[in-house]
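Asker: Dropping the structure in here first, questions after.
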DNA sequence: CGCGGCCTTGAGTCACATCAAGAGACGTGG
DNA sequence: CCACGTCTCTTGATGTGACTCAAGGCCGCG
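Chains as they are written, first to last, in the working numbering: chain A, 13 to 277; chain B, 13 to 277.
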């Protein structure tokens with residue numbers, strides 16, 4: 013689904029289907045502020061400064077590339093609605109998913125100080141994205157060191173998630189890998205109020221689940237089936253239901269410390 | 013070698029064997045400046061500011077923990093001499109090495125804004141480390157936004173290396189993984205002038221090589237043997253010699269872009 | 001109705017893990 | 001100077017998790 017063919021096609025779709033509004037969209041920066049509050053302490057001045065950032069809103073279809081390996085973006089993108097993944101290809105055509113992004117995340121904040129992108133950023137679902145120019149971000153971080161530190165911290169949490177992802181892919185057996193990814197996603201969705209009861213969204217195809225775990229789609233299918241047959245999880249239409257919380261946590265070997273979800277951590 | 017037993021023993025060794033000098037050590041900050049110059053553009057004021065940072069120098073034995081999972085460090089450490097690894101354990105006692113650090117690196121710069129450490133930092137060889145208090149680092153980054161951005165950028169490069177490490181562990185067959193790690197290390201050592209001819213230092217035991225690749229020590233041994241038998245690499249006393257550059261690069265699937273070794277990248 | 005994504009399942013193979021045993025290097029103490 | 005213990009490296013036999021190839025089924029959509 014994320015193959016080259018499809019992406020070439022998607023490029024036309026971008027031109028045809030995405031429409032944009034160049035207004036400062038308060039509801040979008042509010043999502044950002046909510047997100048930053050969970051990980052850092054913001055004062056009123058910081059909030060005002062962030063809210064005053066000019067945002068360009070764009071809508072994307074599922075499976076579109078937002079930015080690509082080798083790009084030199086001039087803006088950062090804030091997810092207001094929808095899910096994205098960051099991924100990287102090897103020369104023999106295998107794709108590795110590096111992280112999953114949810115509303116409130118700024119997946120490419122790093123491009124502010126790293127000029128060339130070393131990976132792809134792709135939408136999983138329909139997305140509403142807010143783009144903020146590097147010019148304004150640099151200006152705000154120069155003028156308000158506190159905001160700079162909050163953004164810096166955000167990229168550091170990103171890095172902490174990568175470290176955890178390495179351990180997951182490198183050391184755990186496949187069923188644990190899947191459980192771990194599921195629990196991590198759920199913890200992050202909880203913070204933005206997107207978990208209702210035992211259900212939450214995880215809009216990955218089994219092929220993408222495989223790409224996240226570092227295994228083939230066929231084997232990913234077997235692992236998903238195994239967790240379903242063992243009454244641990246239920247997958248349905250891009251959503252997940254936790255059936256056996258106990259077993260899930262045992263498998264996942266999850267310690268949420270690395271998410272640094274409280275400012276003091 | 014990195015087991016709990018050994019580390020408990022090492023703790024005594026720290027008390028007995030490390031001696032410290034609380035002077036501002038110019039030769040140490042010079043290593044840092046050399047390192048930062050390769051990735052970022054520094055002006056004279058930045059250099060002066062960095063050189064004026066008070067540094068506490070300490071010496072470590074091989075296999076000692078510098079900081080541990082769960083610590084809340086109050087200082088960052090700069091490697092002046094020697095090699096370190098960052099690693100993380102799973103609950104079933106398996107260790108994953110996340111990155112290898114060489115002279116000029118600041119492996120835990122992230123602790124400046126992430127209070128709780130989510131991994132271990134361990135010396136591989138005898139090390140000379142310079143410790144810089146968070147207080148001074150915060151002060152310099154507040155006073156000089158340019159220095160803040162350079163340090164920020166440094167942590168972003170760290171994150172880029174993690175991303176690449178995920179791909180390596182997740183997608184490549186074991187011989188390629190090893191080749192990739194070897195080439196990455198060599199490229200970084202080149203920049204600090206630590207590659208003489210075909211030889212360079214890679215002071216990992218085969219067990220640690222396995223921990224870096226996400227495989228067992230026994231299998232790591234077979235992979236090392238395979239690359240030796242295929243006349244690609246020669247390992248001897250913690251050093252590596254490249255025999256067949258061509259084959260090595262083919263295996264490694266290495267694109268150094270993610271190291272961002274030039275300020276414009 | 002037919003097509004294209006996506007999911008599912010089986011059979012055979014291969015990469016890597018596990019278990020087990022031994023050999024070389026090195027430091028330490030007798 | 002030798003004996004011993006501890007790391008580290010090495011190798012074989014055997015088991016298993018994951019890959020590959022292949023085929024078929026489900027479902028939404030034009």
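Glycine is no exception: its CB is placed at the ideal position from the N, C-alpha and C atoms.
Is any beta-carbon of chain A found at less than 8 Å from that of residue 259 of chain B?
Answerer: No, residue 259 of chain B lies away from the interface with chain A (no Cβ there is under 8 Å from its Cβ).
Asker: Is there a Cβ from chain A that is less than 8 Å from the Cβ of residue 95 of chain B?
Answerer: It does not; no Cβ of chain A falls within 8 Å.
Asker: Within 8 Å of any Cβ in chain B, is that where the Cβ of residue 106 of chain A sits?
Answerer: By this cut-off, residue 106 of chain A is an interface position.
Asker: Any C-beta of chain B sitting closer than 8 Å to the C-beta of residue 247 of chain A?
Answerer: For residue 247 of chain A, the answer is no, since every Cβ of chain B falls outside 8 Å of its Cβ.
Asker: Among A:92, A:198, A:220 and A:225, which one has its Cα closest to the Cα of residue 213 of chain A?
Answerer: Minimum Cα distance to residue 213 of chain A is reached at A:198.
Asker: Chain B beta carbons: is any one of them nearer than 8 Å to that of residue 184 of chain A?
Answerer: Taking Cβ atoms only, chain B reaches closer than 8 Å to residue 184 of chain A, which makes this a yes.
Asker: For residue 199 of chain B, which residues does DSSP report across the bridge?
Answerer: Paired residues: none, contrary to the question.
Asker: Taking 8 Å as the threshold (beta carbon to beta carbon), is residue 154 of chain A in contact with chain B?
Answerer: Yes, residue 154 of chain A counts as interfacial toward chain B.
Asker: Under a three-way DSSP split, which group does residue 245 of chain A fall into?
Answerer: Correct three-state label for residue 245 of chain A: strand.
Asker: To which residues of the same chain is residue 44 of chain B closer than 6 Å at the C-beta, ignoring the five residues directly before and after it?
Answerer: Hits under 6 Å: 90.
Asker: May I ask you to verify whether the segment 236-256 of chain B touches the segment 66-78 of chain A, counting CB pairs closer than 8 Å and requiring at least 3?
Answerer: They do not touch, by the three-pair rule.
Asker: Short of 7 Å Cβ to Cβ, which residues in the segment 170-181 of chain A face chain B?
Answerer: Cβ contacts with chain B come from 170, 171, 172, 174, 175, 177, 178, 179 and 181.
Asker: Return the chain-ordered list of same chain residues with a C-beta closer than 6 Å to the C-beta of residue 293 of chain A, the five sequence neighbours on each side being excluded.
Answerer: Examination of residue 293 of chain A is not possible in this model, given that chain A is present from 13 through 277 alone.
Asker: Rounded C-beta distance between residue 167 of chain B and residue 171 of chain A? I'm assuming under 8 Å.
Answerer: Yes, they are in contact, since the Cβ atoms of residue 167 of chain B and residue 171 of chain A sit about 7 Å apart, within 8 Å.
Asker: So, do the segment 87-106 of chain A and the segment 132-145 of chain A have three or more beta carbon pairs nearer to each other than 8 Å?
Answerer: Because the criterion of three Cβ pairs below 8 Å is met, the segment 87-106 of chain A and the segment 132-145 of chain A touch.
Asker: Would you identify the three-state DSSP class for residue 42 of chain A, choosing helix, strand or coil?
Answerer: In this structure, residue 42 of chain A counts as helix in the three-state DSSP scheme.
Asker: Check whether chain A comes within 8 Å of residue 161 of chain B, counting only Cβ atoms and requiring the distance to be less than that.
Answerer: Yes, contact with chain A.
Asker: Assuming residue 69 of chain A is part of the beta strand (DSSP E), what are its boundary residues?
Answerer: Unbroken beta strand (DSSP E) run through residue 69 of chain A: 68-72.
Asker: Kindly indicate which three-state DSSP category residue 262 of chain B falls into: helix, strand or coil?
Answerer: It is helical.
Asker: If the criterion is Cβ atoms closer than 8 Å, does the pair residue 107 of chain B and residue 262 of chain B meet it?
Answerer: Not in contact: residue 107 of chain B and residue 262 of chain B (Cβ atoms no closer than 8 Å).
Asker: When DSSP labels each residue in this structure, what does residue 167 of chain A get in the three-state scheme?
Answerer: Reduced to three states, the DSSP call for residue 167 of chain A is helix.
Asker: When DSSP labels each residue in this structure, what does residue 10 of chain A get in the three-state scheme?
Answerer: Because residue 10 of chain A is not part of the residues shown, which for chain A are 13 to 277, the question remains open.
Asker: When you compare each of B:99, B:149 and B:104 to residue 134 of chain B by their alpha carbons, which one comes out closest?
Answerer: For the residues B:99, B:149 and B:104, the minimum Cα distance to residue 134 of chain B belongs to B:99.
Asker: Alpha carbon to alpha carbon, what distance is there between residue 102 of chain B and residue 158 of chain A?
Answerer: The alpha-carbon atoms of residue 158 of chain A and residue 102 of chain B are separated by roughly 35 Å.
Asker: Where residue 75 of chain B and residue 87 of chain B are concerned, what is the direct C-alpha to C-alpha distance, given to the nearest angstrom?
Answerer: Spanning the two alpha carbons is a distance of roughly 20 Å.
Asker: Using a Cβ-Cβ cut-off of 8 Å, state whether residue 273 of chain B counts as contacting chain A.
Answerer: Closer than 8 Å: no.
Asker: Looking at C-alpha atoms only, which residue of A:232, A:150, A:276 and A:193 is the closest neighbour of residue 113 of chain A?
Answerer: That would be A:193, whose Cα lies nearest to the Cα of residue 113 of chain A.
Asker: So residue 165 of chain B and residue 41 of chain B are supposed to be a Cβ contact under 8 Å. How far apart are they, rounded?
Answerer: No, residue 165 of chain B and residue 41 of chain B are not in contact; Cβ-Cβ is about 18 Å, not under 8 Å.
Asker: Under DSSP, the alpha helix (DSSP H) around residue 222 of chain A begins and ends at which residues?
Answerer: From DSSP, the alpha helix (DSSP H) with residue 222 of chain A extends over 218-225.
Asker: What are the residues of the segment 122-156 of chain A that lie near chain B, defined by any Cβ-Cβ distance shorter than 7 Å?
Answerer: So the list reads 122, 125, 126, 127, 128, 130, 131 and 154, given in the order they occur along the chain.
Asker: Report the rounded CA-to-CA distance for residue 271 of chain B versus residue 169 of chain B, giving the unit in angstroms.
Answerer: Taking the straight line from one Cα to the other gives about 6 Å.
Asker: Between B:125, B:155, B:195 and B:273, which has its C-alpha nearest residue 260 of chain B's C-alpha?
Answerer: The option with the nearest alpha carbon to residue 260 of chain B is B:195.
Asker: Anyone know if the C-beta pair for residue 221 of chain B and residue 181 of chain A falls short of 8 Å?
Answerer: Not a contact, by the Cβ cut-off of 8 Å.
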